[in-house]
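If you count the sequence shown from 1, position 1 lands on 0 in numbering that gives the first Met the number 0, and the numbers rise without skipping.
To start, the structure under review is shown below, and the notes come after it.
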Amino acid sequence: MDTEQYCKQLHALDPVDAIRAIHEAYLQLKAMSDSKGRVCVDGQTYDNKPALRSLRKCLQDAGHIGFDKEESQ
Numbered sequence: 000m001d002t003e004q005y006c007k008q009l010h011a012l013d014p015v016d017a018i019r020a021i022h023e024a025y026l027q028l029k030a031m032s033d034s035k036g037r038v039c040v041d042g043q044t045y046d047n048k049p050a051l052r053s054l055r056k057c058l059q060d061a062g063h064i065g066f067d068k069e070e071s072q
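This is the structure we're talking about:
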């Protein structure tokens with residue numbers, strides 16, 4: 000994904016707001032997902048594992064104490 004290419008004010012992004020939003024999204028997706036990272040909505044199954052993995056990496060890179068770099072999933 001090249002999402003950053005579409006953000007004309009990326010330098011204005013507050014890192015505290017960003018990491019809070021990342022953590023909120025992680026917790027929400029995790030709460031909705033089954034043990035395999037999937038969620039079923041209106042009969043459709045969605046795989047949240049890639050998103051959860053990306054969000055977890057951001058939290059690990061930020062040094063969040065609840066997200067050990069050695070943690071797998």
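Where a beta carbon is used, it is the ideal one built from N, C-alpha and C, also for glycine.
Cβ neighbours of residue i in the same chain (closer than 7 Å, five flanking residues each side left out)
i	result
S71	Because the pLDDT of S71 is 49, which lies under 50, any placement of that residue in the model is unreliable, and the question is left without a value.
Proximity of residue i and residue j at Cβ, strictly below 8 Å
i	j	result
Y5	L58	no
8 Å Cβ shell around residue i - same chain, five flanking residues per side excluded
i	result
L51	Y25, L28, K29, S32, G36 and Q72
V40	none
Classification of residue i by the beta-carbon crowding that lies within 10 angstroms, buried from 16 upward
i	result
L9	exposed
L54	buried
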